[in-house]
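Heads up: the structure comes next, in structure tokens.
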Amino acid sequence: MRKATYMVAYTGIRATRNLLTACLLFSAGIATAGIWEEGDVEAGQALFNANCASCHKVTAEVLAAPGLAGIVDRWGASDEMLVKWIQNPQAAAEEGDGYIKSIVSRYVPTYGWMTAQAGSADDIKNIMAYVQTPPDVAPVTDAGSQCPTVDEMALPAEEGGSGIWFLILLVLFLIIALSAAGVNRSLTNAMNKDAGEDMLPELPYGNRIQNWAWDNRVVVSLIVIFFASYGAVLGYQGLMRIGVVEGYKPNQPIQFIHSVHVCENEVDCKYCHTSAYESKHAGIPSTNVCMNCHKAVKKGRRTGETEIAKIYEAIGFDATTATYVDGDGKSGYALPQDSFDGEPIRWNKVHNLPDHVYFSHQQHVVVGGLQCQNCHGDVETYTVGRVAKVDDINQLVDKYPGLIELSKPTLTMGWCIECHNKAEIDLASSGYYEEIHRRLKDNLRGNEELRKYLEDDKITVKELGGWECAKCHY
Amino acid sequence: MANTKRYWSGLDELQETEAFKNIQEQEFPEAKSVDEFLSDERLESTHTGRRDFLKFMGFSLTAATLAACETPVIKSIPYTNKPEDVTPGVANFYASTYYDGHDFVNVLVKTREGRPIFIKSNTKTGVGRINARVNASVMSLYDSSRLQGPQMGGADANWDAIDQLIKTGLQQPGRKVLLTNTILSPSLNRAIDALKESAGVEHVQYDAVDYGAFHAASLADFGVSSFPSYSFDKANAVVSIGADFLGTFGDTIVYNDRWSSNRRPESGKMSRLHMFETTMSLTGSNADYRTMVKPSEQGKIATALLKAITGQGVAANLSEAAAAAVANAAKDLKKAGANGLVLAGSNDINTQRIVNAINVALGSVGTSVIHSDSGLFQGDFKAFKALVKDMNAGEVSTLIVSDCNPAYDAVNAEAFIAGLANVKTSVSTSLVSDETASLCAAMAPNHHWLESWGDLLLDQERIDLVQPTIAPLFNSRATGESILTWAGIPTDWYTYMRQTHAANYESSQMYTNSDWNKAVHNGFIATNRANGEFNAYAGGDLTAAWTELNGRKGGAFELALYQKTTMGAGQHAANPILQETPDPITKVTWDNYVCMSHADVDAMGLNGFIGQEAPASVVKVTVGGSSIELPVFPTPGQTPGTIGIALGYGRGANGENIGKAAFQSAENGSFQMDASGKMTPVGANVFPWAVGGGNHVEYAQYDITVEATGGTYPLACTQIQNTFMGRESIVKETDFTSYFAERDIKKGLASWNKRITLGVHEDVNGDGNIDALDSKPTDAFDLWHEHAVEEVGHRWGMTIDLTTCTGCSGCVTACHIENNVPVVGKDEVRRHRDMHWMRIDRFFASDYSLKKGEEEGTGVISSYRRMEDPALNPQTVHMPMMCQHCNHAPCETVCPVAATTHSNEGLNQMTYNRCIGTRYCANNCPYKVRRFNWFNYPGYKKFANFNPAQDSLMRMVLNPDVTVRSRGVMEKCSMCVQRIQSGKLDAKKDGTPVQDGSIVTACAEACPTNAISFGDLNDKKSGVSAISENNRAYHALEEIGVKPNIFYMTKVRNVEPTQA
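Chains as they are written, first to last, in the working numbering: chain A, 6 to 479; chain B, 1274 to 2333.
Below, the structure is given as structure tokens:
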């Protein structure tokens, strides 16, 4: 049996309904008011951000598709056609409406067909309400200036200079001490000579230092103990960094800038990393997903055309005709599936877990409701992907409420189980946990366990077995 | 006094031998003194000085350190165009159908990222379940010996050249023949018809194992040429004369399903199985009454049965025991009437016609035996013989061989090979260059069944579909497409196949795309045809038949040729997993051998015990003029005066490249070579010893000679114990009458499943005395703190019904593939280092007991010694054994590094990365289910020829959800924790409790008789929790109080109580 794996890719909210209800609601909606009136702006905004914002802006700015400012005045077909157009552009175009024909010929060659959206007529009404009167459209500025990447941020003043000063001073003091010792010796000899006593014996330096050390053994032992402890601490810290990959940022074949996509253009994480919601792997987007936008966006704000050209090369896209090229070098194909399927892009994997670790994104994101930032940090300030440092993640708590603060280095097992110890489970959140809860409540033995769990008034992942080996290793 | 006691370190010390005294004087025996070492002259000639040594050491250390510093860069390569229905990390399942001429079954193929990695039964839309052979067949897709493309004259060719060759060949004068196995595909038949028409090609069907007599008998008695359909679900009494229907005979997967459905004691009735056979087969080991007969006597059993039921015929000349068994069987058959069923495995038309007559007399024809439109086994040996004759006469100009391998498995293979040299144009569509293909002028490799479209018509009511689950790995072409090309039809195979259905079987509406997609999704199309009515019994005089059968005489030794449940007829010879799966009866892996009764083994003075260092004796078996030397395995249940040898071995005897696992591996990773420098195959081929004088092939010889040679040969046997020596807490069994009498008694109280109690030093029964009567059940004792798993969260558990478990080993192979269990090869299996997470313990009954020993005055120890020996014709128990996931696990407490721990879901977890390999856990495991990785199986050269992880292609079959273990760690059954985790995740995601049946372990999924159930014991509505409360449920070794999460169900045999 073929398992239906193609969940609708980027429905962040569960507002999708089936076509039948859509039609029913639609006809009801038409009877009372047009599509442009009586929509819920707030619901519309949520829908817009989840489904439309990756290509359209509510301003006149062009992202991967025309901006929607003034759409209410521009739209030259019926309300019904608008709904049809959004739900299935190709089918709508086949109906032969003149206005639709005009927009097809104007936009499709440049931007390609819009992906059919599963929204109902009511959803579309809400979206239109939002598009007409966007409550908080930021003034058009150069967004780039507001989205610096960590690589561009000013580095905090290094405090590491003290070590060098310490060394310089140490050397200086040593020189002074040795010179003083020499002077002292000369003076003593001179005094002895004057007093007619024996000169100090001519010993090798080694012996002299030995004698000196023996004479001052308390101080010397203290110093030795100090340095030995210092060395031990450094050594221990060094050993503890083995296997710690915080900050790992390999070079990538394409200089992909997360901040441009996530911060400036507000593309949601799951638009590209869809499978984080469906699979254990978050996945790197396949090249055809890149093409959804880059069919239109041919020039990058920072890297110009060179990096985007690498995508075109991989998938077989001819930027001049805006069509795909087949294996024989013939262009003119509208769909990426018809292209020649060139060399795939070989990315360097950033987050590497050992082979015996079975981590599931779906478990953490869909069931656990974790935010991406909790493990990956503020990706919207990144250029290419990197392993976030735990301290940097902890600083994001204000920006992303609900983040769990941790202390162990990211991607270590200590970090995983620290979180499993802290993260709480809401027993009412799912029928699955409700059943587990019921079993605990409904019998004596379970009740004892439950009391144990609730000593601190919360049920953590650990208490439901999150620290057991075979939850992650098998 | 106590301290006068002396202990000896060994017999040497006791006897104070000279050698021992010498050793005793030296603290370090055989040590070389320093002087002696330095005075060695050879030392002078070496050049490595101390400084050099230090340099090397220093360099190695630095190099190793530097190499360890660099973080490896791992590539991550996404799709360029992601297929819509593939999500990396998520498995897809596709319905398909397996058919190889032997097994026919609906399956679901699990693919990950487009790679098929597991084949399981299709329980929703399929018929029957699955077996070991089909389950393991996924390996053959990734066989690196598969042909990479078409070949001509031993060199690579292109398809145009091949097509040109055939097209030219088809215009030659002389017979042009397409030789195939039984074709069930309506589309392929249509294409063959087109080829017949366009080029005058004849079609000859040939089966590796011939069932021609069944067709002939059906034709003679009912006017239809068909293989009968046996409905064991409707039969209350089954009598099988040498038909191993649970293992290898006929449509075995469906038979397993049907037979077991009528073997559930809870339903209040059970069918009864009488078996008459020569070599203990899987079916024989599950029979309620099993009688040993010689091959020459099988026909007499049939005539005696006919005589007993109808009074027709003559009284057969049978031994007293056999006559009594026949009378017993006849009594049950008469009682069952139309719900009786008689079948015979012998491919002999006289026997089959007598069997037909018995079934007609019982009235079972039409209820439990149906002679109608089944297309199975249409092989026509008579036509094949004629073809071979014409080939030798030079009258055949063109021969196309497809899906059959007569150069290996024909009884007249020698003549076939000689004739093939006379055929001008010969082509084979085999996937590998097998015995036949390597002799053909050209090879036009077919797709693997997992790569191609196909349709199969077993009966008229449904067409089962085969769909590709991966793009072809090599430059192969579907045989259907090849035939279309040669017939000059330009249509591609897929379109042609759909046209067939539209034209012949379906109303036009069924031909829409959505309906077709639905059919592909389900794996079948219901046709608009009905199965034909079978004709009335034509009968006729059977005097000649029974006279011939009763006149059969045997010599000193008779030979029965059988198929092993694990290996079939040799089609899976290159499958390392099947080679390593122990035979269900003998538990021998990686070989075929002579099965011989203990009585004969003793009489001939051969080795009666086969163990790690106790090799088998080799005998020379001579049939007609040819002889083969094979080791002897003493097999309980083998009829004295007979031997049995398995077919399907000795593949690739001329070094044909049929797959590395088909040959004997050498220690250094190459192959064992024979004197002539050819690779030594596994086992020996005995197909030429079948009898092919008549129109059908029979698989027995009535007069052969067996001589001891004095040689020995090591056999790799996973279980050397034959009996459980009276330890009834391992296996509990009873007869159906006793079960029925106490079926409603509370669990733990029935006489056949009494709870085990232990004496305590407190007055439990309140009689005022503390005495032997005071005892408590084992669950009252807790040596350690109990793990809180009952009633808390999940408690994963399993139930195994010993009544329906047939020992078929489907679970073993399923577990093997699902969990990436290493294949370790014959030598390691012989050392008992087999790695199977799941094994099936096979216990034979002994006819000795402690009670009998007491009566006879045998001492207790001698009695136990005699209880080790199985009876000559023993009853058999098959007991699947894997980690019992004890809640008081003895292994967990002895691990010094806490690498094996208990989860709060009742699982005994194994953490490979913590394990340091002390093996304490294995020593402390009462069930001996823990396996230690003695070697780096995925890397060490000794395993290069058969370990799937060592082959760059075959490693694709590894399950990405399970770690491939490395050397030095312990491993064992995890209860498929990867499936549990993913099942729980699905439930959490859907926001529902885990539904019963949504998580199934690989073994439970594979079980063809549904004997294994898996689920959550804490879910009071689950199937397993109900079964575990059944009064047949018990824990193995209950008295040791380890509280397992695995329950066994008392075995119920449908025998009369006196015999139990």
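Think of the CB as a built atom: it goes at the ideal place given N, C-alpha and C, for glycine as much as any other residue.
Keep in mind it's a predicted model, so treat the numbers as computed, not measured.
Cβ atoms of residue j and residue i: under 8 Å apart, would you say?
i, j, result
"B/Thr1895", "B/Ile1977", "yes"
"B/Lys2336", "A/Arg391", "Chain B is shown from 1274 up to 2333; residue 2336 of chain B falls before or after that span and cannot be answered."
"B/Gln1478", "B/Asp1653", "yes"
"B/Ala1889", "B/Thr1985", "yes"
"B/Trp1759", "B/Asp1436", "yes"
"B/Asn2026", "B/Lys2049", "no"
"A/Glu312", "A/Ala58", "no"
"B/Tyr1371", "B/Trp1722", "yes"
"B/Asn2160", "B/Gly2179", "yes"
"B/Thr1709", "B/Asn1678", "yes"
"B/Phe2009", "B/Pro1538", "yes"
"B/Ala1981", "B/Leu1903", "no"
"A/Ala98", "A/Ile105", "yes"
Please name the residue, chosen from the options, that lies closest to residue i on a Cα-to-Cα basis.
i, options, result
"B/Trp1819", "B/His1644, B/Ile1574, B/Leu1746 and B/Lys1608", "B/Ile1574"
"B/Gly1813", "B/Ile1627, B/His2060 and B/Glu1470", "B/Ile1627"
"B/Val1979", "B/Thr1370, B/Arg2028, B/Pro1913 and B/Asp1436", "B/Pro1913"
"B/Gly1422", "B/Asn1790, B/Asn1748 and B/Asp1875", "B/Asn1748"
"A/Ile129", "A/His278, A/Ala319, A/Gly39 and A/Val330", "A/Gly39"
"A/Gly321", "B/Asn1354, B/Gly1399 and B/Ala1486", "B/Asn1354"
"B/Ile1439", "B/Ile1756, B/Phe2116 and B/Phe1882", "B/Ile1756"
"B/Asn2177", "A/Asp383, A/Leu244 and A/Gly471", "A/Gly471"
"B/Asn1623", "B/Asp1732, B/Gly1523 and B/Leu1815", "B/Leu1815"
"A/Ala504", "A/Lys427, A/Ser344, A/Asn93 and A/Tyr363", "Here chain A has residues from 6 to 479 only, and residue 504 of chain A is not among them."
"B/Ala1522", "B/Thr1764, B/Asn1629, B/Asn1404 and B/Ser2301", "The displayed chain sequence assigns Phe, not Ala, to residue 1522 of chain B. When only C-alpha atoms are compared, the closest one is B/Asn1404."
"B/His1375", "B/Asp2017, B/Gln1288, B/Asn1958 and B/Phe1518", "B/Phe1518"
Using 8 Å as the limit for Cβ to Cβ distance, is residue i near chain D?
i, result
"A/Trp352", "This model lacks chain D altogether, as its protein chains are A and B."
Residues of chain A with CB under 9 Å from residue i, in chain order?
i, result
"B/Val2297", "Result: empty, since nearest Cβ-Cβ is about 16 Å, beyond 9 Å."
"B/Ser2247", "Ala475 and Tyr479"
"B/Ala1744", "Per Cβ cutoff of 9 Å: no residues; B/Ala1744 is ~12 Å from chain A at best."
Under the DSSP definition of a beta bridge, which residues are partnered with residue i?
i, result
"A/Ala200", "For A/Ala200, which the question treats as bridged, DSSP gives no partner whatsoever."
"B/Gly2032", "B/Ser2048"
"B/Ala1833", "B/Gly1917 and B/Ala1973"
"B/Leu1730", "B/Ile1736"
"B/Glu1980", "B/Lys1893"
"B/Val2235", "Looking at the DSSP assignment, B/Val2235 forms no beta bridge with any residue, so it has no partner."
Along chain A, which residues have their Cβ under 7 Å away from the Cβ of residue i?
i, result
"B/Asn2291", "Arg444"
"B/Ala2260", "Tyr437"
Residues of chain B with CB closer than 7 Å to the CB of residue i, please, in chain order.
i, result
"A/His361", "Tyr2185, Asn2186 and Thr2236"
"A/Lys285", "Gly1362"
For residue i, go through chain B and note every residue whose CB falls closer than 8 Å to its CB, in chain order.
i, result
"A/Ile91", "What A/Ile91 touches in chain B: nothing, since even the nearest Cβ is about 21 Å away."
"A/Leu469", "Gly2066 and Asn2177"
Any heavy atom of the ligand MG closer than 7 Å to the Cβ of residue i?
i, result
"B/Val1793", "For the ligand MG, the structure offers nothing, since it holds no ligand at all."
Start-end ranges of the beta strand (DSSP E) lying completely within the segment 1634 to 1691 of chain B, minimum 3 residues: 1669 to 1675
As an exercise, report each continuous alpha helix (DSSP H) stretch of at least 4 residues that is fully enclosed by the segment 1469 to 1497 of chain B, in chain order. 1485 to 1495
Entirely within the segment 1861 to 1898 of chain B and at least 4 residues each: give me those alpha helix (DSSP H) ranges in chain order. 1871 to 1876
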